[in-house]
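Structure, as structure tokens:
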Amino acid sequence: MTLPARSTAGGRPSGTMSRMTNLATPYRTHTCGALRALDADSPARLAGWVHRRRDHGHLIFFDLRDRYGLTQVVVDADRAPDAHAAASRARSEFVLEVSGDVALRLPGMENARLATGDVELHATEVRILSEALTPPFYINDPDAPVDEALRLKYRYLDIRRQPMAERLLLRSALVRAIRDVHHEHGFVEIETPNLIKSTPEGARDFIVPSRLQPGTVYALPQSPQQLKQLLMVAGIDRYFQIARCFRDEDLRGDRQPEFTQLDLEMSFVLEDTVMDFVETMVIEVSRRAAPDRPILRVPFPRYTYEEALGRFGSDKPDIRFGLELVDLASALGAPASSGFRVFDDVLAAGGRVMAVRAPGMGSLSRSGVDELTELARRHGAKGLAHVSVDADGGLHSPIGKFLGEETLRSVADAAGAEPGDLVLIVADSFDTTTDVLGRLRTEIGARRGLADPDVLAYCWVHRFPMYKWDAEYVRWDATHNPFSGPVPEDMPLLTTASGDLSVRTPEDPAGRARAQQYDVALNGWELGGGSVRIHHREELERSFLLQGHSLEAMHDKFGGMLEAFDYGAPPHGGIALGVDRWAALLAYQTNIREVMAFPKTQSGGDLMLDAPSAPDQEQWDELGLRFVGVKRD
RNA sequence: GGACCCGUGGUGUAGCGGCCCAACAUGCCAGCCUGUCACGCUGGAGAUCGCCGGUUCGAAUCCGGUCGGGUCCGCCA
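The first sequence runs -5 to 627 under the numbering used here.
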């Protein structure tokens, strides 16, 4: 039989593939997801992996799989004895090329669960292109649980499985949408080098020794921060990049040593210019990459840092549910004594007594409360007070005997407690109180299933403090990026009490300065952050001096950029968003490894490649290096 | 740097001091089967319970160490 070349082999569009893409090759006329009833009675050739085989003796069925789908193949011993012999030998994950005729399935034999389920391929020829060992885990069962270490070791098999393949396709769609939207808005995509000089973002650098200049090293970029600012000085005006970044810090489910940022920078902008564009871009990208996911609020809510902490106890709030924190000072009758010494002392010292409501958790057991108390202690609270409301509205609390019935009632009312609720109360400094209650709020939300998993709840948090006091080094530490600028009216605050930038104290005006710094949060995760930068050399030097850098050290580290600012730097600002996190959230995952093709383990290892590994002696010699062991504290 | 959890045929689990030279499901191998689609039926092979040491008359089971994986704190924007 002769097989005509096909131009519409694609079938259902998948990922970034357009409907018209020609996927036919010398090995196939169609993909395994393409055939439909209309193709009946035509010849076809498919290539793919044996997904599942059902051997009935004279008749063998198997599903052939590729990235595009599954197609059932039928091999009849009488009609095609050679094909039947090959199909008898074939096993799971063998790679086959199958030629035959597309046929409508017998009435009642259609499989509604397959896109190709109305038809099947009656094989005339089965060619084994590759044999396969029995796989170490189930490739044909998307729900089968598999140890993650095993998945990582055989990642190429894991990616054959549908869930992993789908997530990589989604990520591809995300990155494509990002590129498209930026190009539509006049952005230029520019690659920046990976072998650079340390750009202090605060994390530890990965180091690459130089062979041509023995005894020196490159650092891998923690982000393209300085380079993109230099591109603004260069007049590029609008830059973006899908940039690989490297940070040598301990790993988490949402942190890998190498990760991907959407990095962008814009010239001649104010804070609102950047935030407005980013918001437009994020909405457009979300709609293209995840059209089924509703966006909770447009425009995105904008909270100041103080407000986010006070209301949600987090600078990356999950606003898919309420349960906002409540300040109890007035309910406790402050400044008069509440009757409970712990609360009175905290309030007198300028701290806060605040609460969060746990709906429907009023009957939580003693050990359940202990669990929450432990969570609170782990994050710095000295204890956790609680009031439970029974079904009849009666209040029960270990601190009731101190507060008295009336105060207890006003506390419960202030917290908005209803019958069956539990009210959790923390008394400490503003930072600790909000942090602990924020974590409790998140825990309650998770336990009670309060957050709609389908919703994308983006929000902004901005006006972060420029600096936080670093008592150990007697300096003002940049809370975000050291190049961030202050909000214009706070520019005069970038100084010390004495005016001498080398004499720094916690009472300096600098401590009150707010940055033109903005973070985007998505469903309780920090998606990214950026700022409007300082673009004047003198102001940057001033900020660096407050951060405890000497002029010499500053020149050594940022000399290139400081010098560039002498040649006409435009006002500019930008942002960086975590592409891995974004993809993970769009894929309903909480672990970015699930959206990375080849991620590393928590100890930074690649189980498939067995990296890192010891270099050859020759490599050591070329670099003039020798391993002398690691100092242990 | 620290805390906690996990490690038993290929895979996922059960067993948690003697009843276990280890059970179940699935996978694998062989035979049978002409309409299956998680095909079915019959039979079979397959684990010294991550590794090392200790406690005990006796250890998959208890203890210590170690290796690997994970979650979290510190760290990290």
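By construction, the Cβ of each residue, glycine as well, lies at the ideal position given by its N, Cα and C atoms. Just so we're clear, the structure is a prediction, and the values are computed from it rather than from any experiment.
Buried or exposed, going by whether 16 or more other CB atoms sit within 10 Å of the CB of residue i?
{"i": "Asp425", "result": "exposed"}
{"i": "Ser478", "result": "buried"}
{"i": "Val350", "result": "buried"}
{"i": "Thr25", "result": "buried"}
{"i": "Gly712", "result": "Because the chain spans -5 through 627 in this model, residue 712 falls outside it and cannot be assessed."}
{"i": "Ser496", "result": "exposed"}
{"i": "Thr210", "result": "exposed"}
{"i": "Ala608", "result": "exposed"}
{"i": "Arg13", "result": "Note that Arg13 scores a pLDDT of 48, beneath 50, so its modelled location is shaky and nothing firm can be said."}
{"i": "Glu535", "result": "buried"}
{"i": "Tyr21", "result": "exposed"}
{"i": "Lys395", "result": "exposed"}
{"i": "Asn16", "result": "exposed"}
{"i": "Gly623", "result": "exposed"}
{"i": "Leu123", "result": "exposed"}
From what residue to what residue does the alpha helix (DSSP H) around residue i run?
{"i": "His373", "result": "Counting along the chain, His373 falls outside any alpha helix (DSSP H), and DSSP gives it neither H nor E."}
{"i": "Ser82", "result": "75 to 83"}
{"i": "Ala342", "result": "335 to 342"}
{"i": "His549", "result": "545 to 558"}
{"i": "Glu150", "result": "At residue 150 the sequence reads Tyr, which differs from the Glu that was named. Tyr150 -> alpha helix (DSSP H) spans 149 to 152."}
{"i": "Gly42", "result": "Premise fails: Gly42 lies in the beta strand (DSSP E), 37 to 49, not in any alpha helix (DSSP H)."}
{"i": "Ser166", "result": "156 to 178"}
{"i": "Leu539", "result": "531 to 540"}
Just verifying my parser: in three-state terms, what is the DSSP assignment at residue i?
{"i": "Arg61", "result": "coil"}
{"i": "Leu108", "result": "coil"}
{"i": "Val276", "result": "helix"}
{"i": "Asp627", "result": "With a pLDDT of 44 at Asp627, under the threshold of 50, the modelled position of that residue is not reliable, and the figure given next carries that caveat. If DSSP states are grouped into helix, strand and coil, Asp627 belongs with coil."}
{"i": "Ala577", "result": "helix"}
{"i": "Ser404", "result": "helix"}
{"i": "Pro503", "result": "helix"}
{"i": "Leu617", "result": "helix"}
{"i": "Thr210", "result": "coil"}
{"i": "Arg205", "result": "coil"}
{"i": "Gly524", "result": "strand"}
{"i": "Leu289", "result": "For clarity, residue 289 is Ile in the given sequence; the question names Leu instead. It is a strand residue."}
{"i": "Thr19", "result": "strand"}
{"i": "Leu127", "result": "coil"}
{"i": "Arg198", "result": "coil"}
{"i": "Arg241", "result": "coil"}
{"i": "Tyr297", "result": "strand"}
{"i": "Leu488", "result": "coil"}
{"i": "Leu144", "result": "helix"}
{"i": "Ser361", "result": "helix"}
{"i": "Val381", "result": "strand"}
{"i": "Gln219", "result": "helix"}
Please name the residue, chosen from the options, that lies closest to residue i on a Cα-to-Cα basis.
{"i": "Leu144", "options": "Ser36, Phe200, Gln156, Pro129", "result": "Pro129"}
{"i": "Gln510", "options": "Val526, Asn585, Pro136, Asp502", "result": "Val526"}
{"i": "Leu579", "options": "Pro447, Pro565, Leu601", "result": "Pro447"}
{"i": "Tyr633", "options": "Met158, Trp614, Val202, Phe538", "result": "In the structure as shown, the chain starts at -5 and stops at 627, and residue 633 therefore has no counterpart that could be examined."}
{"i": "His188", "options": "Phe253, Gly518, Val279", "result": "The residue asked about is misnamed: residue 188 is Asn in this sequence, not His. Comparing Cα positions, the closest option is Phe253."}
{"i": "Met602", "options": "Asp137, Arg73, Glu142", "result": "Glu142"}
{"i": "His176", "options": "Ile54, Ala84, Val276, Pro480", "result": "Val276"}
{"i": "Ser192", "options": "Glu185, Pro203, Val182", "result": "Pro203"}
{"i": "His52", "options": "Gln66, Tyr62, Asp76", "result": "Asp76"}
{"i": "Trp470", "options": "Gly398, Asp286, Ala343, Ser537", "result": "Ser537"}
{"i": "Gly247", "options": "Ala605, Leu264, Met590, Val622", "result": "Met590"}
{"i": "Gly316", "options": "Tyr297, Ala171, Thr436, Ala328", "result": "Thr436"}
{"i": "Leu617", "options": "Leu162, Gln207, Pro503, Val96", "result": "Gln207"}
{"i": "Leu258", "options": "Gly304, Glu183, Arg287, Leu431", "result": "Glu183"}
{"i": "Glu125", "options": "Arg149, Ser86, Val140, Ile133", "result": "Ser86"}
{"i": "Tyr461", "options": "Ala472, Val468, Arg46", "result": "Ala472"}
{"i": "Arg531", "options": "Gly554, Glu91, Arg296", "result": "Gly554"}
Starting from residue i and walking both ways along the beta strand (DSSP E), at which residues does that stretch end?
{"i": "Lys462", "result": "461 to 464"}
{"i": "Gln511", "result": "511 to 516"}
{"i": "Gln255", "result": "252 to 261"}
{"i": "Thr436", "result": "Note, Thr436: premise wrong, no beta strand (DSSP E); alpha helix (DSSP H) at 424 to 441."}
{"i": "Gly572", "result": "566 to 572"}
{"i": "Leu90", "result": "89 to 98"}
{"i": "Val589", "result": "Val589 -> no beta strand (DSSP E), and no H or E assigned at all."}
Q.
I want to know whether the stretch 230 to 247 touches the stretch 480 to 494 - three or more CB-CB distances under 8 Å.
A. no
Q: Determine, using beta-carbon pairs with one atom in the stretch 448 to 468 and one in the stretch 412 to 426, whether at least three such pairs fall under 8 Å.
A: No, they do not touch.
Q. Are there three or more Cβ pairs, one per stretch, closer than 8 Å when the stretch 110 to 123 is compared with the stretch 72 to 90?
A. yes
Q. Any chance the stretch 317 to 331 sits against the stretch 359 to 373, with 3 or more Cβ pairs inside 8 Å?
A. no
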